[in-house]
Amino acid sequence: MNTRQTKRQPTGGVRAPRGAGPRRPAAGGRAPERRPAAAAGGEAAPAALNPAGVGRALLTQAVQVLGEVLTFAHPADAVLSRHFRENHALGHRDRGFIAESVYGVLRRLRWLRALAGGQTTPRQLLLAWLARGEGWPQRYFDGLVSVSERDWLNGLRGHGAENISLGERADLPDWLLERLLADGDEEALLALAHSLNRPAPLDLRVNPLKMSRDELLARLRADGLQVEPGVLSPLAVRLNRKPALQKHPAFVDGSFEVQDQGSQLLAYLVQPRRGELVVDFCAGAGGKTLHLGALMRSTGRLYAFDVSERRLARLKPRMARAGLSNVHPVAIAHENDARVKRLAGKADRVLVDAPCSGLGTLRRNPDLKWRQTPESVAEMTAKQGAILAAAARLVRPGGRLVYATCSLLAEENDAVVDAFLAAHPEFREVDAGEVLARQDIPVAAGARLRLSPAEQDTDGFFAAVLERADAHA
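Here UniProt numbering is used: the first residue of the sequence shown is 1, the next is one more, and so on.
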């Protein structure tokens, strides 16, 4: 069912993208160490992008890719993947430079345009990012820029933050700024914006059918990787760097998957039990499906619905690798497909990880803030309401329905749930924080789960837990 852009899975393995995390492919680039992004209006730590080996030809190639990305005709990761396929002779370092440069400009696009004086070319934006965002000193540009560009960069370095607006400091379009600033707390908004401009860490989820978290930690540490247990999910492992893991034996044998800690919490809100009938209504490529199946210990029946056969096709080899035999992928035409209706009133648990704007994933997908519009969000909210209502019909009396998005916007989150509850008095809300607390998961969640990179260092997530009244109540 899921149609959102952020459901796309990495191409060719589990390497995280250039500073973007596991959901968007780096297409072969070398992942840099995680570091804080430049503060709004300030400078970054110098030379995170190594200037060694960067020549005019590579710089020109990065500018060309950036120019195509800035048309916003296609997602940034798709443009990068295609470019690297067409230029397969590029080495890891060159791919990393191109991809990191593109993502860096996308994260700080509005700020860079303000510094550079409004209308700018892709080349000027890239040079401005290297000088101000990456902190390259003038000597790094020797042999790369013209005399006039050198003079322009010198002037750019002296540009302060005196005339930078709130939207430029936050690097958000005005419409999104207004929605996130609804409570008038500029300090909280800037903290959120800065966190969204930092590359996401790399989280793994242990497959409990294969090994324990302690066993995976020991195995990865023995391989020289810097890892630590996740602080939110009982199955999470966090890496300090972003190595290529697609050939690691523990990945190949299904002992772990790449999954943000916030995303992992959704399965615990569903809280499936052995032998139950569970539905992942918008399964995509099945990251949450695999988690649900593991929590069910590969018993019962777990239906994975999606409108994309291509996404579901990616789920099947992952199921086999994970050792799951209880998952049944089903391609559907729409939320009211006959294959959906035949489960009416039969499901013990239903997860609706709804198609959404994806604005909670800007650390991984910075182009979304420039590609989404108020109109596209409005279209999405109508779809979300229809999907939630259709999924609710599957829930048996006494069963559970979980609605979730990776959006930060109230109209995709609270407004959808409130409208649903008003129209469906047979459902009541269950405190999400209490559901997690009963499973000894230490998340300071309220009645509805709200996660943000500023507070929990996860993607932005929202979830509400609903239960259908028992017929005998």
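All C-beta atoms, glycine included, are put in the ideal place defined by N, C-alpha and C.
Predicted model, so just to flag it, every value in this text is computed and none were measured.
Best match in the options for proximity to residue i [C-alpha to C-alpha]
i: residue 311; options: 330, 101, 448; result: 330
i: residue 370; options: 338, 143, 173; result: 173
i: residue 103; options: 166, 116, 133, 387; result: 133
i: residue 442; options: 336, 268, 382; result: 268
i: residue 251; options: 345, 300, 320, 192; result: 320
i: residue 283; options: 186, 304, 150; result: 304
i: residue 433; options: 445, 316, 439; result: 445
i: residue 244; options: 273, 278, 204; result: 204
i: residue 115; options: 454, 416, 158, 81; result: 158
i: residue 128; options: 383, 145, 139, 153; result: 153
i: residue 447; options: 295, 466, 338; result: 466
i: residue 427; options: 437, 436, 414, 468; result: 468
i: residue 440; options: 307, 271, 429, 421; result: 271
i: residue 410; options: 188, 180, 349, 431; result: 180
Local conformation of residue i per DSSP, three classes
i: residue 307; result: coil
i: residue 374; result: helix
i: residue 431; result: coil
i: residue 405; result: strand
i: residue 364; result: coil
i: residue 349; result: strand
i: residue 277; result: strand
i: residue 168; result: helix
i: residue 144; result: coil
i: residue 150; result: helix
i: residue 133; result: helix
i: residue 443; result: coil
i: residue 456; result: coil
i: residue 285; result: coil
i: residue 399; result: strand
i: residue 422; result: helix
i: residue 448; result: coil
i: residue 342; result: coil
i: residue 438; result: coil
i: residue 386; result: helix
i: residue 394; result: coil
i: residue 463; result: strand
Buried/exposed call for residue i, threshold 16 Cβ in 10 Å
i: residue 291; result: buried
i: residue 56; result: exposed
i: residue 108; result: buried
i: residue 254; result: buried
i: residue 74; result: exposed
i: residue 110; result: buried
i: residue 418; result: exposed
i: residue 367; result: buried
i: residue 147; result: exposed
i: residue 335; result: buried
i: residue 213; result: buried
i: residue 276; result: buried
i: residue 481; result: Given a span of 1 to 473 for the chain in the structure shown, any question on residue 481 remains unanswerable.
i: residue 475; result: Residue 475 is absent from the model: the chain starts at 1 and stops at 473.
i: residue 242; result: buried
i: residue 231; result: exposed
i: residue 373; result: exposed
i: residue 358; result: buried
i: residue 119; result: exposed
Cβ-based neighbour list, residue i, same chain, cut-off 7 angstroms, excluding 5 preceding and 5 following
i: residue 266; result: 288, 351, 353, 402, 404, 463
i: residue 61; result: 98
i: residue 79; result: 65, 68, 69
i: residue 28; result: Reliability of the predicted coordinates at residue 28 is poor, the pLDDT of 30 falling under 50, and the value obtained from them is presented with this limitation in mind. Closer than 7 angstroms at Cβ, skipping near neighbours: 84, 92, 95.
i: residue 362; result: 196, 368, 369
i: residue 58; result: 94, 97
i: residue 327; result: 289, 293, 302, 304, 319
i: residue 264; result: 205, 233, 235, 236, 291
i: residue 33; result: The predicted position of residue 33 is uncertain, since its pLDDT is 32 and thus under 50; no value can be drawn from it.
i: residue 274; result: 296, 297, 299, 300
Residue i beta carbon near the ligand GDP (any heavy atom closer than 7 angstroms)
i: residue 281; result: Looking at this structure, you won't find the ligand GDP or any other ligand, since it has none at all.
Cβ neighbours of residue i in the same chain (closer than 6 angstroms, five flanking residues each side left out)
i: residue 458; result: 260, 261, 262, 451
i: residue 63; result: 122, 123, 126
i: residue 285; result: 9, 311, 314, 315
Residues near residue i by beta carbon distance below 8 angstroms, same chain, minus five either side
i: residue 87; result: 61
i: residue 167; result: 110, 173, 174, 177
i: residue 424; result: 389, 392
i: residue 345; result: 393, 394, 395, 396, 397
i: residue 323; result: 207, 209, 210, 254, 298
i: residue 470; result: 397, 398
Quiz item: Which runs of the beta strand (DSSP E) spanning at least 3 residues fall entirely within the segment 181-254, listed in chain order?
Solution: 202-206, 227-229, 236-239
Quiz prompt | Every unbroken alpha helix (DSSP H) within the segment 46-118, with a cutoff of 4 residues, ordered by chain | solution = 56-69, 76-86, 92-107, 109-116
Quiz prompt | 4-residue-minimum alpha helix (DSSP H) runs that sit fully inside the segment 290-340, ordered along the chain | solution = 309-322
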